[in-house]
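**Student:** The end of the sequence shown is residue 363 by the UniProt record's numbering, with every number in the run present. For glycine and all other residues, C-beta sits at the position ideal for the given N, C-alpha and C.
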Amino acid sequence: MDPSSSPTWAQRRQVTLSSSNQRNGHPSDLDTLFPAKKQVLELNGSAAPTASPEFESSTDNLDDSDHEFGESEHRTQIDNEDATHEALVQRCRQLQEDVEVLAAHMEKQERTHEREGKEAEDERLALRHVNAALERELRGLRVERDALFKQSARMVAQHTADERQAEDEREAHDELLRALAQQQQKTEILQLAVTSASQDRVEARKALDKAQTHCRRLEEELSSAHAQVLHLQNERNTLKAALDATVTGAAGFEARQLQAQDEVIASLRADLVQMDFELKTLSVDKATLEEQVEKLQLRLAISERSADYEVVSLSSNNTIDVMAKRKDQKKRTTIRPVSRRAARVRERNHLVVAGDLLFFVVL
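What follows is the structure, encoded as structure tokens:
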């Protein structure tokens, strides 16, 4: 392969020479190879125009010395030229070797580029075939995707319809369960109210009986305390009379005895005051218990009156009621009283119980 056949061979050669010169340590410019010669030429060139008439007289006397200096300069110039020639020859040989190496490298690089181009072309053709196969597969997948979308839409519509139907049935069932639960809850509430009212009434009676017995006991203690106080007052009066009548030496002993009796009387008075306070508090508790009994009687009467009525639906729990509930139509209920004889018996019993309670309260 001829290196000069390539259009950029000169540029490549120049770049290669510069790189090889830099790698081998040779300067790229030929003028740098002759620094001594250039200096001599510059000195000769600058000396000629700077000569003046003042130096002409001195040159005649120095001809011999100039001749000797010229011969020595000529010899040094010849030596420099020989050295320069040898350096140029070596440089030319080095450049030829670099050109041969560069040509071999260029040929090898072109072969490598051709091989890589063929491999790239083969890969491109293979990628085209693969791309075509993938496009065909993608078209098939798109068709399958469209079919799946349509099937999914149909299934979603069917599922939505099923959910609506199930929701309607669930709502109807929930409404029936709620109505039944409300009815049961009302019944349980009424039963609990009646039970609690009866228990409260029994407890109030027990508390009232206890309060009455406690009041009687306190009244008895109070009466006995009053009698004891009167007895002590009589004794004190008699002791005072005896003290006034007695003027003997037993006056001090009697005075101490009277003082002890006074202390006993004071303690009994304190006990009497405390008993009186307890009697007042018990009377207040009695009043509060009477109020509680009246409230319990009212609650019992109200609960029993509410238990005298029952709620009956006008329509049965069938499909028509479910459809009516779905269309936001409310059921109508009616309240009918129970038999009048049972109501009169209950009222008579309540009046008897209320009379007994009032009698106990008055007592």
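Would you call Leu102 buried or exposed, if buried means 16 or more other Cβ atoms sit within 10 Å of its Cβ?
**Tutor:** buried
**Student:** Check this for me: beta carbons of Leu258 and Leu239, under 9 Å apart or not?
**Tutor:** yes
**Student:** Classify Ala197: buried if its beta carbon has 16 or more other beta carbons within 10 angstroms, exposed otherwise.
**Tutor:** Result: buried.
**Student:** State the Cα-Cα distance for the pair Leu218 and Ser283, rounded to the nearest angstrom.
**Tutor:** 11 Å
**Student:** Could you say which of Arg269, Gln183 and Ala245 lies nearest to Ser224 if we only look at CA atoms?
**Tutor:** Arg269
**Student:** Taking its Cβ as the centre, do 16 or more other Cβ atoms sit within 10 Å of Val89, making it buried, or is it exposed?
**Tutor:** exposed
**Student:** What does the Cβ neighbour count give for Lys118, buried or exposed, with the cut at 16 atoms within 10 Å?
**Tutor:** exposed
**Student:** Touching or not, the segment 285-303 and the segment 183-202, by the rule of three or more beta carbon pairs under 8 Å?
**Tutor:** Cβ pair count under 8 Å is three or more, so yes.
**Student:** Can you tell me the Cα-Cα spacing of residue 376 and Val143, whole angstroms?
**Tutor:** For residue 376 there is no data in the structure shown, the boundaries of the chain being 1 and 363.
**Student:** Might you give, ordered along the chain, the residues of its own chain that have their beta carbon closer than 7 Å to the beta carbon of Ala211, omitting 5 neighbours on each side?
**Tutor:** Leu282, Asp285, Lys286 and Leu289
**Student:** Quick check: what's the CA-CA separation for Arg236 versus Arg216?
**Tutor:** Cα-Cα distance, rounded: 30 Å.
**Student:** If we ignore side chains and look at the alpha-carbon of each, how far apart do Ala83 and Met106 end up?
**Tutor:** 34 Å
**Student:** If I measure Cβ to Cβ from Leu141 and keep anything under 7 Å in the same chain, skipping five residues before and after, which residues do I get?
**Tutor:** none
**Student:** Rounded to the nearest angstrom, what separates Ser315 and Asp200 at their Cα positions?
**Tutor:** Low confidence applies to Ser315: its pLDDT is 43, below 50, so where it sits in the model is not reliable, and the reading given next is rough at best. Rounded to the nearest angstrom, the two C-alpha atoms are 39 Å apart.
**Student:** Apply the 10 Å Cβ neighbour rule to Val273 and answer buried if 16 or more other Cβ atoms are within range, or exposed otherwise.
**Tutor:** Around the beta carbon of Val273, a 10 Å sphere encloses fewer than 16 other beta carbons of the protein chains shown; the residue is thus reported as exposed.
**Student:** Alpha carbon to alpha carbon, how far is Leu230 from Asp271?
**Tutor:** Going by the C-alpha atoms only, they are around 14 Å apart.
**Student:** CB Leu232 to CB Ile265, shorter than 9 Å?
**Tutor:** yes
**Student:** Tell me whether Leu127 is buried or exposed, calling it buried when 16 or more other Cβ atoms sit within 10 Å of its Cβ.
**Tutor:** exposed
**Student:** Grab me the residues of Ala133's own chain with a C-beta within less than 7 Å of its C-beta, minus the 5 sequence neighbours each way, in chain order.
**Tutor:** No residues qualify anywhere along the chain.
**Student:** Taking buried to mean at least 16 other C-beta atoms within 10 Å of its own C-beta, is Gln293 buried or exposed?
**Tutor:** Checking the sequence, you will find Val at residue 293 rather than Gln. Its Cβ being crowded by 16 or more others within 10 Å, Val293 is buried.
**Student:** Is Glu221 closer than 9 Å to Met275 when the C-beta atoms are compared?
**Tutor:** yes
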